[in-house]
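To start, the structure under review is shown below, and the notes come after it.
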Amino acid sequence: MPPVGGLKAEVMDHVEKNQVMIFSKTTCPFCTKVKELFNSMGQECKVLELDKIANGPDIQNTLLEVTGQKTVPNVFINGKHLGGCDDTLKAHKNGSLQAMLQDATNYDYDLIVIGGGSGGLAASKEAASLGKSVAVFDFVKPTPIGTTWGLGGTCVNVGCIPKKLMHQAAILGHSLADARHFGWIVPENIQHNWETMRNAIQDYIGSLNWGYRVQLRDKKVDYQNAFAEFVDKHTIKAVNKKGKEVTKTARDFIVAVGERPRYPDIPGAQEYGITSDDLFSLSYCPGKTLLVGASYVSLECGGFLHGIGLDVTIMVRSILLRGFDQQMADKIGDYMEANGINFVRPCVPTKRYLLTTGSQNTKVYGKYSDGTEYSDTFNTVIFAIGRDPVTSNIGLDKVGVNLNKNGKVIANEAEATNVSNIYAIGDILEGKLELTPVAIQAGKLLARRLYNNSKVLTDYVNVATTVFTPLEYGAIGYSEEAAIEKFGEDNIEVYHTNFWPLEWTVAKRAENICYAKIICHIPDKERVVGFHVCGPDAGEITQGYALGMRLGATKKDFDDTIGIHPTCSEQFTTMNVTKRSGKTINQSGC
Ligand code: FAD
Ligand code: NDP
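Its first residue numbered 78, the sequence shown is counted upward by one per residue in my numbering.
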């Protein structure tokens, strides 16, 4: 437990030192029932009768603060809050009380976390800082072409971090062209060097990998670079890259094993194609590149590869960015196409990739939806057709954890699986957003609920996100389609505007390409339920408005907020054209 003072420390001391701790009152019939239950089970318990001690009412208030429950009995088992009379009787009836009591066994650790990515590292560090003994097992299985990486999971090694840095490389290229308009003498024929960029980014990632190891060591989390799988609900076996096996036990487990890219089921896919797992550390410049898929990963990677000067084609099966506001998705696609990225749609790859000359020359065959054949030759083919949770070979079946048909873990709003001591967080959770800050928040709050009697759940609603395409896209809450479906078209008002960032004017970039809109729920004082922006620095703009939406901001609140001039973000404080009105939204000055 973390250091706490006064009454809270006294309460936590009782909770920590006693296997069963009951805060009770002699006059309460529900307390009597609970005491009789433990008595009938032959279970020893410590009872503190609050009506018999002077500071009883203060302790009761402290219990409210710690557990959210004011009534007695207030029952704790092995340091964990169980609840009141009904909770205890229910737990007894369904067997979970007996399971909690058996948990007193001497395990190697209080908590083992499987997966040292965004979620796993956050959970393990938080649990350790709450005084628990914790181990993290993290292991990266090499890709089919042998790429592997260090501690930290997808985000740090093959996701957010290298992606955003390569996006920055592309932005810098564009800025060099802009710079001429601002008086800089920039030579023609500027070249980009893939190796220099890759090495610099990989060096930075190396420093992050090292930093995570140091953090775990400082927090006394036992880090093991080994692949773990369940043997039973309290035991895992783990094998390191030399084949050495260890067996470890823990009272609780958090599974945070993440996802890996999917390959299409066509011959040659794994031999001649790569995924985002390989791209960021590729030893050679990918050259003329085909990306298959049309979501986050494909559009972002296609965007920065084109931005550093490569010939890029994106093969789209159906729509861009399924699940996102489709008006915004189309704006991203139109901008990419207008700037020279080739879209092949609607089309899927069909045939084997033939190596023609050299190891990086690949012929790709595809089929358009009308049956027309497609073929072209590329230096590199990147599959970005989705990611699969790596939950199938880690013994979850042995311990009976429920998975859905796609291998995602089914858990409740407290990230608890159907097995009492096994929890899951991050990308492997069914129906949750696959984003780093979501996994981190879930890990941290779960550890606090497990080991600090917190009741705070992760709020998965209105999570802001940004797609780092050449025209960045930030979004919070409902897409226009989803808002219409949820609230009905007559009940929503969409305010929107095109805009021309000041920085783009002198640089002579296209006018009125950038776009902002908010979706308001009319019956709820025009509360803003959807926020969308396409333009430079969309991520930076969107983050702050996420706070406003969390606090229930209405259109009037947006209007009452004075903007910062001249910025793109100020568009949201001055929007006055509704989509319904059909009025013009082009801007031509400030
Ligand atoms: P991960 O970070 O994937 O960590 C899981 C870890 O567990 C891995 O190290 C894995 O090797 C290890 N592991 C798996 N099985 C075992 C086992 N049996 N034993 C031991 N270890 C095991 N999110 C954003 O918020 N912003 C972005 O800009 C962004 N960009 C992205 C770009 C790309 C190209 C990709 C692919 C993803 C991106 N994401 C982004 C998503 C983000 O990376 C994930 O949501 C996040 O990493 C999920 O964290 P996690 O803890 O669930 O899993
Ligand atoms: P998604 O599952 O979101 O998208 C998969 C894409 O591939 C879709 O366009 C899909 O098309 C297409 N596809 C699927 N199967 C095939 C096939 N057999 N042939 C051709 N095309 C196919 O996956 P991503 O890998 O892009 O992203 C995974 C998650 O990672 C995202 O949900 C996101 O949460 C996270 N992420 C976050 C980022 C950020 O925050 N900036 C960046 C990157 C990833 P269709 O629509 O037709 O099904």
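The C-beta atom is built at its ideal place from N, Cα and C for all residues, glycine as well.
A quick note: this is a predicted structure, and the numbers were derived from the prediction, not measured.
Taking the CA atoms as reference points, N653 sits about 7 Å from H573. For S395, the shortest C-beta to heavy atom distance toward ligand 2 is below 7 Å. Under the DSSP assignment, Q301 falls in the beta strand (DSSP E) whose first and last residues are 299 to 301.
Note that the region 304 to 315 touches the region 176 to 193; at least 3 beta-carbon pairs, one per stretch, sit closer than 8 Å. Of all alpha-carbon atoms in V389, Y373, P341, D342, the one lying nearest the alpha-carbon of P363 is that of V389. Between the alpha carbons of Q146 and L188 lies a gap of roughly 26 Å. For M98, the beta-bridge partners assigned by DSSP are K123, F153. Counting the other CB atoms within 10 Å of its CB gives T655 a total below 16, which places it among the exposed residues.
Collapsing the DSSP output to three states places V476 in a helix. Annotated as distal: V291 and G192, with beta-carbon spacing of 8 Å or more. Looking at the DSSP output, K325 bridges to I313.
For T273, there is no enclosing beta strand (DSSP E); the residue is part of the alpha helix (DSSP H) that begins and ends at 271 to 295. Around G380, the same chain offers T546, P547 as residues with beta carbons nearer than 6 Å, after the five sequence neighbours per side are excluded. Residue side-chain check: I278 keeps its Cβ at 7 Å or more from all non-hydrogen atoms of ligand 1.
C-alpha of P578 to C-alpha of E588: approximately 9 Å in a straight line. In chain order, D402, M405, A552, K594 place their CB closer than 6 Å to the CB of H609, counting only its own chain and leaving out the 5 sequence neighbours on each side.
Rounded to whole angstroms, the separation of the alpha carbons of Y349 and T439 is 7 Å. V124 and K112 do touch by the CB rule: their CB atoms are close to 6 Å apart, below 8 Å. Taking the Cα of R394 as reference, the smallest distance to any Cα among I409, I418, L368, K408 is reached at L368. The region 277 to 290 makes contact with the region 226 to 233: 3 or more CB pairs, one atom from each, lie closer than 8 Å. Of all alpha-carbon atoms in N530, R627, L473, the one lying nearest the alpha-carbon of V88 is that of N530. Scanning its chain for C-beta atoms nearer than 7 Å, with the 5 sequence neighbours on each side dropped, one finds around E490 the residues L534, in chain order. Beta-bridge pairing by DSSP links E306 to K314.
In the DSSP annotation of this structure, the continuous segment of the beta strand (DSSP E) that includes A552 starts and ends at 550 to 554. Residue environment for Y445: exposed (fewer than 16 other C-beta atoms within 10 angstroms of its C-beta). Excluding its 5 nearest sequence neighbours in each direction, H383 has C-beta neighbours in its own chain below 8 Å: A247, V389, M413, N416, G417, I418, P547, listed in chain order.
The shortest C-alpha to C-alpha distance from V478 to any of A303, V92, A131, N498 is the one to N498. Taking G565 as reference, the option from V544, P600, A541 with the minimal CA-CA separation is P600. By the Cβ test, the region 83 to 102 is in contact with the region 126 to 138, since at least three Cβ pairs between them sit closer than 8 Å. When distances are taken from the beta-carbon of D504 to the heavy atoms of ligand 1, the shortest one is below 7 Å. A distance of 8 Å or more separates the beta carbons of I505 and E306.
The beta carbon of R294 sits closer than 8 Å to those of Y300, all from its chain and outside the five residues before and after it, given in chain order. Contact check for V149 against L159 fails: the beta carbons are separated by 8 Å or more. Taking 7 Å as the cut-off, one finds no heavy atom of ligand 2 near enough to the beta carbon of V389. Using a Cβ-Cβ distance cut-off of 8 Å, the region 481 to 490 and the region 447 to 457 are not in contact, since fewer than three pairs of beta carbons, one from each stretch, lie closer than that value.
The three-state reading of DSSP puts T225 in coil, since its state is none of H, G, I, E or B.
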